[in-house]
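These notes concern the structure reproduced below.
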């Protein structure tokens, strides 16, 4: 009697079940890695924008507010998204005066995750909005600690 070579249906189903189980276990870890990578990208952009704001301050003796809503040659110096393009970015960036102070003396830059102007599907439930002000204080509106290195 000749036996055919190959996999039986039961062997194939067991292998597929094992693959599905491993994928289900690995996916949440992968998602966490993606959120942390995009958060790190936003932190780097915030630091870069603050350096540009400090340069602007030394030249004009004031900071400059910026957002996606503001246009003009001055505001175009500061991009309002965190990634390579607006639609593929995870965070929308805004520069505004510090609470209770004039923009000429203090600026706070915010990185807001998943707005309508950037990737609206992105969420950062742990840290939420990241901020950096001209005094060097960095904060996050979420409940997690360790949002900034």
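Numbering (the numbering used here), first residue to last: 84 to 232. Where is the CB? At the ideal position from N, CA and C, for every residue including glycine. Quick caveat: nothing in here was measured; it's all calculated off a predicted structure.
Check	Outcome
Exposure of residue 99, with buried meaning 16 or more beta-carbon neighbours within 10 Å	exposed
Opening and closing residue of the beta strand (DSSP E) in which residue 179 lies	174 to 180
Close-in-space but distant-in-sequence residues of the same chain around residue 130 (CB under 8 Å, 5 per side omitted)	215
Residues of its chain near residue 118, where Cβ-Cβ distance is below 7 Å and the 5 sequence neighbours each way are ignored	207
Alpha-carbon to alpha-carbon, residue 88 and residue 115	42 Å
Candidates 104, 195, 217, 93: closest to residue 141 by CA position	217
Reference residue 187; option with closest CA among 91, 175, 229, 136	136
Helix, strand or coil at residue 116 [DSSP, three-state]	helix
CB contact flag (residue 139, residue 132, <8 Å)	no
Rounded straight-line distance, which links the Cα of residue 198 to that of residue 163	12 Å
Cβ-based neighbour list, residue 128, same chain, cut-off 6 Å, excluding 5 preceding and 5 following	165
Nearest candidate by alpha-carbon position, reference residue 176, set 156, 92, 91, 191	191
Residue 196, DSSP secondary structure in three states	strand
Secondary structure of residue 186, DSSP reduced to three states	coil
For residue 91, the three-state DSSP class (helix, strand or coil)	coil
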